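>
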Amino acid sequence: MAMGLQHGTNTDLAALKAELRRLEGSGRRGNAVWPIGMPALEAALPGGGLARGALHEILATEAGAAAAEGFAASLLAGLAQQGPVLWCAAEGGLYGPGLARLGLTPDRLVLVRARRPADLLWAMEEGLKTPGLVAVLGEPKGLDLTASRRLQLAAEGSGVTCLVLRREPAGGGVAGNSVAVTRWRISPAPSGPALGGGERDFGLARARWQVELIRCRGADWAAGEAGHGVWLMEEGDASGAVPVAVPLADRPAASAPAEQRRAG
Amino acid sequence: MVAAATVGNRRLLVAVDPAAAQAGLAPGLTLGDARARQPDLIVCEADPAGDAAALTRLADWCGHYTPWTSTEGEDGIWLDLTGCVPLFPSEQVLAEDLLARLRQRGIACRAAIADTPGAAWALARFGAMPETGARVVPPGAARGALADLPVAALRLPPEITHELRRLGLRRIGTLYGLPRAPLTPRFGETVARRLDQALGLVEEPISPRRPVEPRLARRAFAEPIVAPEDLQRATKLLLEQLCKMLDREGLGARRLELCCYRVDYRVERVAIGTSRPSRDPTHLMRLFERQIETIAPELGIEIMQLRALEAEAMAPDQLGFDRADPCDPAAPLIDRLANRLGSANVQRLVPVASHVPERAMRAVPALVAPRALGSWPAGRPRPIRLLEYPDPIEVMALVPDDPPLNFRWRRMLHRVRHAEGPERIAAEWWLDPAAAGEDGTRDYYRVEDEAGRRFWLYRRGLYRAETVPRWFLHGFFP
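Line by line, the protein sequences are chains A and B. The first sequence stops at residue 266 when you use our numbering, and every number in between is there. The second sequence stops at residue 634 when you use our numbering, and every number in between is there.
1) Should proline 41/A be flagged as near chain B, meaning a C-beta pair shorter than 8 Å?
2) Alpha carbon to alpha carbon, how far is glycine 39/A from proline 507/B? Give it in angstroms, no decimals.
3) Measuring CB to CB, does threonine 163/A end up less than 8 Å from alanine 74/A?
4) What do you reckon, are the CB atoms on alanine 267/B and leucine 255/B nearer than 8 Å?
5) Just to confirm my understanding: we take glutamine 84/A, look at its own chain, exclude 5 residues before and 5 after, and list those with CB closer than 7 Å. What are they?
6) Which of the three DSSP states, helix, strand or coil, is assigned to phenylalanine 444/B?
7) Using the C-alpha atoms, what's the distance from arginine 110/A back to phenylalanine 611/B?
8) Find the nearest neighbour of aspartate 207/B within the set His220/B, Ala182/B, Asp196/B, Ile233/B, judged by alpha-carbon distance.
9) Quick one: list the residues of chain B neighbouring leucine 139/A, beta-carbon separation under 8 Å, in chain order.
10) Between leucine 139/A and the ligand PLP, is the CB less than 7 Å from at least one heavy atom?
11) In three-state DSSP terms, what is methionine 470/B?
12) Would you identify the three-state DSSP class for isoleucine 490/B, choosing helix, strand or coil?
13) Given a threshold of 16 other Cβ atoms within 10 Å of its Cβ, counted over all protein chains shown, does phenylalanine 377/B qualify as buried or as exposed?
14) Residues in the same chain with beta-carbon distance under 7 Å from alanine 276/B, minus the five sequence neighbours each way, listed in chain order, please.
15) Below 8 Å, can you find three or more Cβ-Cβ pairs linking the segment 407 to 419 of chain B to the segment 446 to 461 of chain B?
16) Return the chain-ordered list of same chain residues with a C-beta closer than 6 Å to the C-beta of phenylalanine 633/B, the five sequence neighbours on each side being excluded.
17) I need the boundaries of the alpha helix (DSSP H) containing proline 338/B, first residue and last residue.
18) Are glutamate 64/A and leucine 167/A close, meaning C-beta to C-beta below 8 Å?
19) How long is the line joining the alpha carbons of arginine 626/B and glutamate 550/B, rounded to whole angstroms?
20) Could you name the residues of chain A that histidine 220/B contacts, counting a contact when the two beta carbons are closer than 8 Å?
21) Leaving aside the five residues before and after tryptophan 36/A along the sequence, list all residues of the same chain whose C-beta is less than 8 Å from its C-beta, in chain order.
22) Cβ atoms of arginine 281/B and alanine 303/B: under 8 Å apart, would you say?
23) Between asparagine 501/B and isoleucine 428/B, how many whole angstroms is the CB-CB distance? I'm expecting something under 8 Å.
24) Threshold first: 3 residues or longer. Then list the beta strand (DSSP E) segments lying entirely within the segment 114 to 201 of chain A, N to C.
25) Can you tell which of Ser531/B, Tyr614/B, Thr597/B has its C-alpha closest to the C-alpha of valine 603/B?
26) Could you check where the beta strand (DSSP E) with serine 431/B kicks off and where it finishes?
27) What residues in the segment 100 to 132 of chain A have a beta carbon less than 8 Å from any beta carbon of chain B?
28) Contact criterion: CB-CB distance below 8 Å. Does methionine 441/B meet it with respect to chain A?
29) Can you give the Cα-Cα distance for leucine 387/B and alanine 464/B, rounded to whole angstroms?
30) Tell me which same chain residues have a C-beta within less than 8 Å of the C-beta of arginine 169/A, skipping the five on either side of it?
31) So, under 8 Å CB-CB, leucine 395/B and alanine 467/B are touching, yes? Tell me the CB distance rounded to an integer number of Å.
32) What is the rounded straight-line gap between the Cα of valine 347/B and the Cα of leucine 412/B?
33) Could you tell me the alpha carbon to alpha carbon distance between aspartate 436/B and leucine 407/B, rounded to whole angstroms?
34) Count the other CB atoms, across all protein chains shown, that sit within 10 Å of the CB of leucine 7/A; report buried if there are 16 or more and exposed otherwise.
35) Helix, strand or coil for glycine 596/B per DSSP?
36) Contact defined as beta carbons within less than 8 Å: I believe threonine 225/B pairs with glycine 219/B. What is the distance between those atoms, to the nearest angstrom?
Written out as structure tokens, the structure reads:
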């Protein structure tokens with residue numbers, strides 16, 4: 003009897019969870035995820051990849067602006083093989099040869115320069131409403147809950163994936179509220195010693211970034227999807243970033259720095 | 157009321173209104189004489205520049221009858237109506253419509269339509285007019301219509317007119333039968349040429365104020381329209397009309413212009429461009445939507461006209477432009493973005509064969525970006541962001557020829573943990589002779605600071621013992 007009740011609760015719980023996922027929107031397109039080419043990260047994500055047709059937020063720490071762009075470009079590298087990508091920023095300055103090295107061929111990119119925040123959000127939304135695109139990346143100055151909800155809705159409607167790149171305010175702390183399905187924090191990390199041989203990239207070891215998954219909707223603990231974690235990533239050649247062997251910690255971000263020191 | 161201008165040291169009347177004309181005043185009279193005859197005369201200063209500008213504006217406004225308009229002298233406007241008459245029931249209706257609209261605004265005017273510009277000019281200025289002030293000479297009848305006009309109607313200089321009159325040649329008709337040979341030595345070629353032009357024996361082109369485009373759709377409204385919804389609706393109808401026209405010719409529009417002719421005879425123009433030829437009214441309408449909001453109808457718009465300024469051949473299977481274009485699904489999006497944000501702000505990156513970093517890539521407007529792009533160099537490490545203008549930095553180096561120990565950029569001190577280089581890049585002297593020589597050479601270093609941030613620095617010029625090297629920050633690595 004007790005067993006039966008237990009069993010019943012479990013099923014109810016699973017059904018409720020499924021219902022919740024559906025309501026939250028991340029499960030709306032079934033298992034439409036795209037593998038990001040970084041196995042250690044994929045393991046922590048529901049479905050083994052990032053959800054398509056959803057909003058993903060990438061926060062750059064104060065020193066991490068370039069690293070975050072690099073991380074975003076590596077994420078997009080795989081997607082961009084399937085169609086064009088719109089990249090919206092307030093300023094120009096993206097450098098094609100550098101993007102190409104991260105695996106994101108600039109031929110696939112359409113760049114939008116919009117100085118006014120309203121124009122930038124408009125351009126992103128227009129992009130998200132165009133089913134022919136595969137992704138829209140935007141670097142808005144600010145993104146409030148309403149704006150993020152609009153982007154998420156537009157992404158859901160068309161299946162175009164939305165990446166939002168934002169600066170984290172000085173002194174840390176999460177920048178505002180949003181309905182993003184995943185939220186990442188990227189900072190640069192000191193590279194390993196330049197040992198020579200294969201490790202050496204023309205005299206400097208491969209660049210490293212610290213990647214934190216600080217929020218992920220719909221991750222299922224039972225299936226081993228942590229939904230958060232800290233990893234140390236290392237730049238690959240032209241094939242995109244590959245994680246440097248180990249996730250630093252499979253625990254909240256607070257304990258990361260100690261681990262990071264050891265690794266660096 | 158009269159307008160006066162200073163000619164030499166005299167004040168002369170240059171224009172008189174009907175009331176003044178009735179009182180016996182005429183252009184050419186001195187102001188003093190005129191005042192003597194009419195003490196209560198109202199005098200205003202003549203404004204030739206303003207008149208010319210107003211005439212130009214009026215010529216533009218006439219563009220809704222025909223794209224081919226031009227001003228003539230100080231007070232005339234040419235309209236080449238070839239091929240435009242089907243828009244109206246008849247030439248007579250067209251001319252009367254034009255005059256009625258001008259008169260509503262208090263402009264005194266006459267119009268004549270004839271086979272040649274010369275004949276039309278002569279009749280408009282010298283011909284006997286029916287009540288409406290518009291005279292249409294049927295094709296082939298110009299010779300007869302001109303015969304009774306004075307020779308001045310041939311657009312001849314006053315001295316020649318005077319000379320002809322002195323010889324008793326007062327009417328154009330009397331010139332018809334004259335042998336040409338004796339005329340030429342006496343008056344030059346002018347008389348014979350003007351006569352031939354008027355009779356259509358030689359061609360006379362009118363240089364239009366705006367380039368001619370035969371692909372246009374036009375709509376005149378019984379009541380001037382003001383409401384934005386009405387403008388949108390009218391534009392939509394025009395687009396449908398024009399797209400049908402383009403479809404017949406197998407063309408797609410690259411550039412469209414919408415002209416709104418206002419009641420106060422000003423013209424409001426908006427234009428759009430597309431990245432690929434299109435004749436899909438829905439897509440084009442979406443591009444126009446935002447533009448139309450910028451039109452100020454003021455008192456109302458009476459005529460709207462849509463022109464395809466640029467059109468290109470377009471295969472019929474591309475009709476489904478807005479839905480799914482297999483070639484470039486981003487094309488309609490690019491059009492929308494470029495039309496709102498400006499075409500310079502929607503770009504594609506194009507590789508250029510150059511090893512100077514800032515030349516190795518160009519950002520070109522996506523509207524005109526080439527389809528086939530070159531290949532991207534993958535060999536050397538390159539930053540993800542490149543500063544358009546390298547930032548000067550203060551550098552500390554142990555040995556001047558070494559990578560820096562630390563550097564100060566935007567007041568922040570960065571301690572260098574790892575460095576790599578130099579990668580020497582010489583100026584392309586064949587492109588930029590000024591930058592050639594030792595000073596154009598750069599030694600690039602990739603450096604990493606304590607936080608793991610990576611920068612691209614370079615030292616300008618070759619190292620020399622007697623000079624302090626200058627360092628710059630040029631880019632950021634991820």
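Cβ coordinates follow ideal geometry from the N, Cα and C atoms, glycine included. The structure displayed is predicted, hence computed values, not measured ones.
Walking through what the data contain:
1) Taking the first residue of the first sequence as 1, we reach residue 41/A at position 39. With 8 Å as the cut-off, proline 41/A does not count as an interface residue toward chain B.
2) Locating residue 507/B in the second sequence gives position 351, counting from the first residue. Locating residue 39/A in the first sequence gives position 37, counting from the first residue. In this structure, the straight-line span from the alpha carbon of proline 507/B to that of glycine 39/A is close to 26 Å.
3) Residue numbering aside, residue 163/A sits at position 161 when the first sequence is read from its first letter. Residue numbering aside, residue 74/A sits at position 72 when the first sequence is read from its first letter. At least 8 Å separates the beta-carbon of threonine 163/A from that of alanine 74/A.
4) The residue you call residue 267/B lines up with position 111 of the second sequence. The residue you call residue 255/B lines up with position 99 of the second sequence. Leucine 255/B sits close to alanine 267/B, with the two beta carbons spaced by under 8 Å.
5) The count along the first sequence starts at 1 and reaches residue 84/A at position 82. Within the same chain, Cβ atoms closer than 7 Å to the Cβ of glutamine 84/A are found at Val136, the five residues on either side in sequence being excluded.
6) Residue numbering aside, residue 444/B sits at position 288 when the second sequence is read from its first letter. Reduced to three states, the DSSP call for phenylalanine 444/B is helix.
7) As a position in the second sequence, residue 611/B is number 455, starting the count at 1. As a position in the first sequence, residue 110/A is number 108, starting the count at 1. If I take the Cα positions, the gap works out to 26 Å.
8) Your numbering for residue 207/B matches position 51 in the second sequence. Ranked by Cα distance from aspartate 207/B, the options His220/B, Ala182/B, Asp196/B, Ile233/B are led by Ile233/B.
9) The sequence position of residue 139/A within the first sequence is 137, counting from 1. The premise fails here: leucine 139/A is roughly 13 Å from chain B at the closest Cβ pair, so nothing lies under 8 Å.
10) Questions concerning the ligand PLP fall outside what the structure shown contains, since it holds no ligand whatsoever.
11) In the second sequence, counting from the first residue as 1, residue 470/B sits at position 314. Correct three-state label for methionine 470/B: coil.
12) The residue you call residue 490/B lines up with position 334 of the second sequence. Of the three classes helix, strand and coil, the one that applies to isoleucine 490/B here is helix, per DSSP.
13) Start at 1 with the first residue of the second sequence, and residue 377/B comes out as number 221. By the neighbour-count rule (16 or more Cβ atoms within 10 Å), phenylalanine 377/B is not buried but exposed.
14) Walking along the second sequence from the start, residue 276/B turns up at place 120. Here the set comprises Ala268, Ile269, Ala270.
15) With the rule of 3 Cβ pairs closer than 8 Å, the segment 407 to 419 of chain B counts as touching the segment 446 to 461 of chain B.
16) Translated into positions along the second sequence, residue 633/B becomes position 477. Result list for phenylalanine 633/B: Pro539, Arg610, in chain order.
17) For the purposes of this step, residue 338/B is identified with residue 182 of the second sequence, where counting begins at 1. Looking at the DSSP string, the run of the alpha helix (DSSP H) that includes proline 338/B is 336 to 343.
18) If you number the first sequence from 1, residue 64/A lands on position 62. If you number the first sequence from 1, residue 167/A lands on position 165. In this structure, leucine 167/A does not lie closer than 8 Å to glutamate 64/A by Cβ.
19) Counting from 1 along the second sequence, the entry for residue 626/B is found at position 470. Counting from 1 along the second sequence, the entry for residue 550/B is found at position 394. In this structure, the CA atom of arginine 626/B is about 8 Å from the CA atom of glutamate 550/B.
20) Along the second sequence, one-based indexing puts residue 220/B at 64. Counting only Cβ-Cβ distances below 8 Å, histidine 220/B has no contacts in chain A at all, with the closest Cβ about 33 Å away.
21) Indexing the first sequence from 1 puts residue 36/A at position 34. Hits under 8 Å: Gly51, Leu52, Arg54, Gly80, Leu81, Thr163.
22) Taking the second sequence and counting its residues from 1, the one referred to as residue 303/B is at position 147. Taking the second sequence and counting its residues from 1, the one referred to as residue 281/B is at position 125. Going by C-beta atoms, alanine 303/B is not nearer than 8 Å to arginine 281/B.
23) Here residue 501/B refers to the residue found at position 345 of the second sequence. Here residue 428/B refers to the residue found at position 272 of the second sequence. About 15 Å separates the Cβ atoms of asparagine 501/B and isoleucine 428/B, ruling out a contact at the 8 Å cut-off.
24) As summarised for the segment 114 to 201 of chain A, the continuous beta strand (DSSP E) elements at least 3 residues long and confined to that stretch are 137 to 140, 163 to 169, 184 to 191, given in chain order.
25) The residue labelled residue 603/B in the question sits at position 447 within the second sequence. Selected option, being the one with the closest Cα: Tyr614/B.
26) The residue labelled residue 431/B in the question sits at position 275 within the second sequence. Its beta strand (DSSP E) spans residues 423 to 434.
27) Within the segment 100 to 132 of chain A, the qualifying residues are Gly100, Leu101, Ala102, Arg103, Leu104, Thr107, Pro108, Asp109, Leu111, Val112, Leu113, Val114, Arg115, Ala116, Asp121, Trp124, Ala125, Glu128, Gly129, Thr132.
28) The residue given as residue 441/B occupies position 285 in the second sequence. Using a Cβ-Cβ cut-off of 8 Å, methionine 441/B does not count as an interface residue toward chain A, since no Cβ of chain A sits closer than that to its own.
29) Here residue 387/B refers to the residue found at position 231 when the second sequence is read from its first residue. Here residue 464/B refers to the residue found at position 308 when the second sequence is read from its first residue. Rounded to whole angstroms, leucine 387/B to alanine 464/B spans 18 Å at the Cα level.
30) Within the first sequence, residue 169/A is the residue found at index 167, counting from 1. Same-chain partners within the cutoff: Leu61, Ala62, Glu64, Ala67, Ala177.
31) Counted from its first residue, the second sequence places residue 395/B at position 239. Counted from its first residue, the second sequence places residue 467/B at position 311. Incorrect: roughly 14 Å between the Cβ atoms, too far for contact.
32) Against the second sequence, residue 347/B aligns to sequence position 191. Against the second sequence, residue 412/B aligns to sequence position 256. Within the model, the alpha-carbon separation for valine 347/B versus leucine 412/B is close to 43 Å.
33) One-based indexing of the second sequence puts residue 436/B at position 280. One-based indexing of the second sequence puts residue 407/B at position 251. Cα to Cα, aspartate 436/B sits roughly 11 Å from leucine 407/B.
34) Counted from its first residue, the first sequence places residue 7/A at position 5. For leucine 7/A, the predicted model reports a pLDDT of 44, less than 50, meaning its position is unreliable; a value from the coordinates is still stated below. A residue is called buried once 16 or more other Cβ atoms fall within 10 Å of its Cβ, and leucine 7/A, having fewer, is exposed.
35) Stepping through the second sequence from its first residue, residue 596/B is reached at position 440. Glycine 596/B carries a helical assignment under DSSP once its states are collapsed to helix, strand and coil.
36) Translated into positions along the second sequence, residue 225/B becomes position 69. Translated into positions along the second sequence, residue 219/B becomes position 63. Their Cβ separation, rounded to whole angstroms, is 5 Å, which keeps threonine 225/B and glycine 219/B in contact under 8 Å.
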